[in-house]
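Anchor point for the sequence shown: position 8 equals 41 in our numbering, and the numbering is continuous, going up by one each time. The C-beta atom is built at its ideal place from N, Cα and C for all residues, glycine as well. Okay, structure first, notes after.
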Amino acid sequence: MTRTIAVLGIHTGIGKTVASAVLAEGMDADYWKPVQAGIEERDAHLVKQLITNGNNRVHDEAILLSQPLSPHTAAAIDGIEVDFTKFTFPETEKILLVETAGGILSPMSATATMADFVTHFKMPAILISQNYLGGINHTLLSVEVLRARGIRLLGIVMNGIANESSETFITKYSKVPVIARIPHFDRLDSASIKAYAAEIKHSLLDIEF
34 MTRTIAVLGI HTGIGKTVAS AVLAEGMDAD YWKPVQAGIE ERDAHLVKQL ITNGNNRVHD
94 EAILLSQPLS PHTAAAIDGI EVDFTKFTFP ETEKILLVET AGGILSPMSA TATMADFVTH
154 FKMPAILISQ NYLGGINHTL LSVEVLRARG IRLLGIVMNG IANESSETFI TKYSKVPVIA
214 RIPHFDRLDS ASIKAYAAEI KHSLLDIEF
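Here it is as structure tokens:
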């Protein structure tokens, strides 16, 4: 059975896809985004360009929706039912990183959230956070929700500009380790991803799940 790790975000637009690319490169993992809303800028296509051997390690979406909206809205427009219980996960001998959309309680369908999806398949998770005004609150709320649902949180990845004060508070209060810090990339390309992934590779390989 494929070993899976869900990549969850504290909010929309906090860099889950770039973080997923770094994690996939550093862990030599495969990547899958089961529900993609919007066909012009597909996250799978970006990750495919950023990681080594992306054509073989990035898997096609289970659901591809035409509009770049919340999945439940985009699915209604396309007349598609999103039922994650019927998803067939890609088969791979590598770890499979499963990127969700939006925040952890963002809708996956008209009746379920991303957290419901992760809970159903009993996936451990990595939480992507970012330092902004309100980020501490969003991160700690996310940790509380994951714990209440019994989702095993492997660690937090801080994405973007560092803020030592915020990160220290989050880790001390939540008692969840920061397993990686991903900087803002002035130039987002495969070389940048590979170079940074090499720097944090050893810490990522120490993750137990």
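Taking C-beta separations shorter than 7 Å and ignoring five residues to either side along the sequence, the partners of Thr125 in its chain run Thr35, Asp63, following chain order. Contact check for Ile212 and Ser175: beta-carbon distance about 15 Å, past the 8 Å limit, so the pair fails to qualify.
DSSP places Arg214 in the strand class (E or B) of the three-state scheme. Counting C-beta pairs with one atom in each stretch, the segment 213-229 and the segment 48-61 have three or more that are closer than 8 Å, which means they touch. Out of Met156, Thr201, Gly135, Leu173, the CA that lies nearest to the CA of Pro104 is found in Gly135.
Cβ neighbours of Ile203 within its own chain (closer than 8 Å, five residues either side excluded): Ser162, Ile169, Thr172, Leu173, Ile189, Val209, Val211. Here DSSP, grouped into helix, strand and coil, assigns Asn86 to coil.
As computed with DSSP, Thr37 is found in a beta bridge with Leu129. Under the 8 Å Cβ criterion, the segment 111-123 counts as touching the segment 140-160, having at least three qualifying pairs.
In the three-state reduction of the DSSP assignment, Ala158 falls in the strand class, which pools E and B. Leu186 and Ile137 have their C-alpha atoms roughly 12 Å apart.
DSSP places Met191 in the strand class (E or B) of the three-state scheme. Contact between Phe122 and Thr37 holds: CB atoms are separated by about 7 Å, below the 8 Å threshold. Counting other Cβ atoms within 10 Å of its Cβ, His92 reaches 16 or more and is therefore classed as buried.
Ranking Leu98, Asp61, Gly59, Asn88 by CA distance to the CA of Pro67 puts Leu98 first. Following the DSSP letters along the chain, one finds Asp63 inside the beta strand (DSSP E) bounded by residues 63-65. Of the residues Gly183, Pro140, Ala195, the one whose Cα lies closest to the Cα of Gly42 is Pro140. Distances from the alpha-carbon of Leu130 to those of Ala231, Phe218, Glu177, Gly59 put Gly59 closest. Ile110 sits in a helix when the DSSP states are folded into three classes. Under DSSP, the beta-bridge partners assigned to Gly42 are Ile161. Around Lys49, the same chain offers Val40, Gly42, Glu132, Ile161 as residues with beta carbons nearer than 7 Å, after the five sequence neighbours per side are excluded. Here the C-alpha atom of Leu102 lies approximately 14 Å from the C-alpha atom of Ile96.
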